[in-house]
Amino acid sequence: MVGHPPHFSNGDGLVPRRMNLDIEIDSHTNIYGTISAWWNRMMDGNKDWQKGVYLSLCACSAVLALIGLVQLIRIQLRAPDCGWTTQKVFHLMNFIVNGCRALLFGLYDKVSQIRPRTIQIMLVEVPGLLFFSTYTLLLLFWAEIYHQARCLPTDYIRPIYYTVNGAVYIIEIMLWICLGLSKSTVALQAARVVLSVVSLIVALGFLIYGVRLFFILRSFPMESKGRQKKLHEVSHVAVVCCTCFLGRCAVAAISAFFDDDLSLEVDAMTQPLGDLLYYMTVEIVPSALVLFILRKLPPKRVSDEKQMQFQTEWD
Numbered sequence: 001m002v003g004h005p006p007h008f009s010n011g012d013g014l015v016p017r018r019m020n021l022d023i024e025i026d027s028h029t030n031i032y033g034t035i036s037a038w039w040n041r042m043m044d045g046n047k048d049w050q051k052g053v054y055l056s057l058c059a060c061s062a063v064l065a066l067i068g069l070v071q072l073i074r075i076q077l078r079a080p081d082c083g084w085t086t087q088k089v090f091h092l093m094n095f096i097v098n099g100c101r102a103l104l105f106g107l108y109d110k111v112s113q114i115r116p117r118t119i120q121i122m123l124v125e126v127p128g129l130l131f132f133s134t135y136t137l138l139l140l141f142w143a144e145i146y147h148q149a150r151c152l153p154t155d156y157i158r159p160i161y162y163t164v165n166g167a168v169y170i171i172e173i174m175l176w177i178c179l180g181l182s183k184s185t186v187a188l189q190a191a192r193v194v195l196s197v198v199s200l201i202v203a204l205g206f207l208i209y210g211v212r213l214f215f216i217l218r219s220f221p222m223e224s225k226g227r228q229k230k231l232h233e234v235s236h237v238a239v240v241c242c243t244c245f246l247g248r249c250a251v252a253a254i255s256a257f258f259d260d261d262l263s264l265e266v267d268a269m270t271q272p273l274g275d276l277l278y279y280m281t282v283e284i285v286p287s288a289l290v291l292f293i294l295r296k297l298p299p300k301r302v303s304d305e306k307q308m309q310f311q312t313e314w315d
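Okay, here's the thing in structure tokens:
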């Protein structure tokens, strides 16, 4: 009977053959093996190709850092008396995050050889933590705008921002210490779980407040100044940031739960193809889009305190 699986008639005289389960499993295994072998060849291939990938990532990050710095200077020259607004801090943090990334990518060969490996992991993950703080700052601003528009208290929002960020940093530091002391991958997997969870929370935050602000803006009269532009701005930023952090969540979850030998690490500076796809998809391209969408400078002087809420600090 082996090799002659049962047949089932469909009532029309046609007898479709059932696919053999063992053959299907073997086929999937062979496909996975082929992809895995190709992946390994790419990772261990031409050193010039690897260098080109990391220098390209370095150049992209450096350009984004420069854009953030230029925007910060332009805002300061435009509104020198406003102090450190959320917009200024956001661009400063973008400069720091992308500057750190550019430095790490430019020195990728030295970074990948740092020992103990805990130090290497710390150096690579610190910009990721700063990226998290940068975009939760934008989420904080949206939350404050929403609560102000609804006449709700806002005093507790900033303390929540500081508490959440502080907790994430403390947890990561504790995991780094455990990783350095135990030499086990458990702490590294736990760090991936933390990254996955916080990324999911941030994605949900952008989704929730993006939708709320969108409907608030839609409730404004059609003739309101800047209404349509702000609708596009909020919706586009929400989509970009939500997609970005969902991507980070998915990659971290896969690395934590489905990669026991940690062969799919994309932030170890040893897998150029994985790093190229990861950083371009969930960091460089989203950052470039957000900086482009939020490129407008604040007004030189705000004469009407009853302007639309979105034109007070971040026009």
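Throughout the sequence shown, residue numbering follows full-length UniProt numbering, covering 1 to 315 in sequence.
Virtual Cβ for every residue (Gly too), placed ideally from N, Cα, C.
Inter-residue Cα distance where the pair is residue i and residue j
i, j, result
"residue 151", "residue 127", "36 angstroms"
"residue 271", "residue 114", "15 angstroms"
"residue 250", "residue 63", "27 angstroms"
"residue 297", "residue 118", "41 angstroms"
"residue 189", "residue 61", "27 angstroms"
"residue 234", "residue 89", "19 angstroms"
"residue 306", "residue 49", "Annotation note: pLDDT 40 at residue 306 (below 50); position unreliable, coordinate value reported separately. C-alpha separation (whole angstroms): 56 angstroms."
"residue 255", "residue 248", "11 angstroms"
"residue 91", "residue 176", "28 angstroms"
"residue 218", "residue 185", "49 angstroms"
"residue 295", "residue 72", "11 angstroms"
"residue 300", "residue 208", "32 angstroms"
"residue 137", "residue 200", "16 angstroms"
"residue 211", "residue 277", "29 angstroms"
"residue 274", "residue 285", "15 angstroms"
"residue 153", "residue 75", "29 angstroms"
"residue 222", "residue 229", "12 angstroms"
"residue 292", "residue 181", "43 angstroms"
"residue 24", "residue 107", "For residue 24, the predicted structure reports a pLDDT of 47, less than 50, and the residue's modelled location is therefore unreliable. A value from the coordinates is still provided. Going from the Cα of residue 24 to the Cα of residue 107 covers about 45 angstroms."
Endpoints, the alpha helix (DSSP H) within which residue i is located
i, result
"residue 110", "108 to 111"
"residue 115", "Taken as a continuous stretch (DSSP letters only), residue 115 belongs to no alpha helix (DSSP H), as it is neither H nor E."
"residue 51", "47 to 78"
"residue 220", "Counting along the chain, residue 220 falls outside any alpha helix (DSSP H), and DSSP gives it neither H nor E."
"residue 174", "157 to 182"
"residue 272", "272 to 279"
"residue 254", "227 to 257"
"residue 293", "285 to 293"
C-beta atoms of residue i and residue j nearer than 7 angstroms
i, j, result
"residue 213", "residue 161", "no"
"residue 290", "residue 237", "yes"
"residue 198", "residue 244", "no"
"residue 58", "residue 132", "no"
"residue 192", "residue 252", "yes"
"residue 143", "residue 98", "no"
"residue 169", "residue 241", "no"
"residue 203", "residue 246", "yes"
"residue 178", "residue 167", "no"
"residue 194", "residue 216", "no"
Nearest-angstrom beta carbon gap, residue j and residue i [assumed within contact, 8 angstroms]
i, j, result
"residue 130", "residue 93", "7 angstroms"
"residue 157", "residue 140", "6 angstroms"
"residue 95", "residue 77", "Not a contact, Cβ separation roughly 16 angstroms."
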